[in-house]
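Below is one structure, written out as structure tokens, with a few remarks after it.
See below:
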């Protein structure tokens, strides 16, 4: 196993901000570092000695391709846990003690899952390590090498036969995985591959664009809609008590005490209500018919609450969230669409619940702007009270590849940048010729129209690409491979259940 590769892997691990203690290099540590290529450690850990639960029995944390992910004394999972725990800082943060223990176990578990998956991959690929290859490795590196870098026969003979056997097994496994990793992620990069990627980014376009916000939907249109749907925007001022659905008899008893005058509604809310309004005596404030609909099992129950007068209390109503008791502080009131607050509610309703209606209108307005902007885009935008934004030259880059220019960096306002996974939107943009307008494009907050200001070719970026590609491409491959393992149908993950029931309960 070439030492250069191990050095590089250690450099990758150290970028996580954790500096392991210096110690004699062991094969289990080498294999652990290899696994760290796939599993990023996000938190500092501070384990306490003996804080690892009951280790006396075998535990199965899940399965990968029907092979059990087992924790038992001195197996791979066990050694991973020990190695990870030993190589973090020893200072313990009592406030995060249990979470630190979780992180140690979780990283060891993830490493073990990857090890099992890689070993299965190696077996299915027909890879194997000869005994002579193991011998050559042990003669040149490993635990039998003295301080002068030479094989130490006395040290070798001082080790028991069982330990020698275990070391050879570790060597064979680590060598096998290293070969597999080289095959998966260390492939030669052909110059033609770089040239092809470089060519993808040579054609660049510059866009000027504006966004017509959905909030530009006319007030008069919103009023017309509101007048046609008056009941939706009718409001009441109310208080509520929410009781558990698991005990109907107790809920009925509380309701009867309120209606009989044995307890005030406000006191009952503070004492028994399960919702966030209990501290205010159940007072909610204004509620609109459309917004309250989801709190009821039937429209009939909702109508019954809106038919109550000031100070009246509803019946005990079963809802999706438990049993509710409503008290009307101010009876239902028809909407006043000349009121700014009410009008804002209607427009918000339209944008959220009738978005297609609003988008159709704003799109028609965008098309009018396009038609009147052929000679002077800036003037038309100014008259409409809209700002024009510009991008710098950017190639077509679906999915924001790291190897190509991206709107993430060339679009300061980020409207187009948010479209880089929208194939339809990108087609509209890049099918637009220089000096022409794109079709209207839907964005989160409105409708975007873009003018293609220029369409040109750059000189390419082959020199920079040749430097970064050999480093970034394997990382992307590794990330994709890791994701494929942990999202695989072959993976049965029972880590949390076993950790909380068997480990944390004993720590």
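In the working numbering, the protein residues as written are 730 to 1236.
Virtual Cβ for every residue (Gly too), placed ideally from N, Cα, C.
Treat the numbers as computed from the prediction; the structure is a model and nothing was measured.
If you compare the alpha carbons of 1099, 1194, 1209 with that of residue 922, the shortest gap goes to 1194. Here the C-alpha atom of residue 904 lies approximately 40 Å from the C-alpha atom of residue 1135. Across the structure, residue 910 and residue 1165 are spaced so that their CA atoms are roughly 49 Å apart. Boundaries of the alpha helix (DSSP H) harbouring residue 908: 890 to 914, taken from the DSSP string. Judged by DSSP secondary structure, residue 1127 falls outside any beta strand (DSSP E); it is assigned neither H nor E. In the three-state reduction of the DSSP assignment, residue 1058 falls in the strand class, which pools E and B.
When Cβ pairs closer than 8 Å are counted between the two stretches, the segment 1057 to 1070 is seen not to touch the segment 932 to 941, the count staying below three.
The residues 1132, in chain order, have a CB closer than 6 Å to that of residue 926 in the same chain once the five nearest residues on each side in sequence are set aside.
Between residue 838 and residue 914, the gap from beta carbon to beta carbon reaches 7 Å or more. Linking residue 869 to residue 879 through their CA atoms gives a straight-line distance of about 7 Å.
The alpha-carbon of residue 1080 is positioned some 25 Å away from that of residue 1013. Taken atom to atom, the span from the alpha-carbon of residue 1228 to that of residue 887 is near 38 Å. Under a 10 Å Cβ-count criterion, residue 796 is classified as exposed, with fewer than 16 other Cβ atoms of the shown protein chains found around its own Cβ. The Cβ atoms of residue 999 and residue 990 do not sit closer than 7 Å to each other.
When secondary structure is reduced to three states using DSSP, residue 955 falls in the helix class. Close CB contacts of residue 1176 within its chain, under the 6 Å cut and outside five residues either way in sequence, are with 941, 1091, 1092, 1095, 1169 (chain order). Residue environment for residue 1128: exposed (fewer than 16 other C-beta atoms within 10 angstroms of its C-beta). Just so you know, the alpha carbons of residue 1042 and residue 1070 end up roughly 27 Å apart. Straight through space, the alpha carbons of residue 920 and residue 928 are spaced by roughly 12 Å. Secondary structure at residue 1162: coil, using DSSP grouped into helix, strand and coil. Residues 1191 of the same chain have their beta carbon placed closer than 8 Å to that of residue 924, with the five preceding and five following residues left out of the count. Residue 1029 has its alpha-carbon roughly 32 Å from the corresponding atom of residue 948. With the rule of 3 Cβ pairs closer than 8 Å, the segment 1177 to 1185 counts as touching the segment 1145 to 1164.
Residue nearest to residue 976 within the set 1084, 1214, 1045, 815 is 1045 (criterion: CA-CA distance). The criterion of a C-beta distance shorter than 7 Å is satisfied by residue 873 and residue 884. DSSP places residue 1005 outside both helix and strand once states are collapsed to three, so it counts as coil. As the crow flies, the alpha-carbon of residue 1123 is around 42 Å from that of residue 835.
DSSP links residue 1014 through a beta bridge to 967. Taking one beta carbon from each stretch, the segment 953 to 970 and the segment 1053 to 1060 have 3 or more pairs nearer than 8 Å; the two touch.
Here DSSP, grouped into helix, strand and coil, assigns residue 796 to strand. Counting every other CB atom within 10 Å of its CB across the protein chains shown gives residue 810 a total of 16 or more, marking it as buried. Here residue 1065 carries a coil assignment [DSSP, helix/strand/coil]. With fewer than 16 other beta carbons inside 10 angstroms of its own, residue 1205 counts as exposed. For the 7 Å CB-CB criterion, residue 793 and residue 846 form a contact. Between residue 1213 and residue 841, the alpha-carbon positions lie close to 15 Å from each other.
The C-beta distance from residue 800 to residue 788 rounds to 4 Å, short enough to fall under 8 Å.
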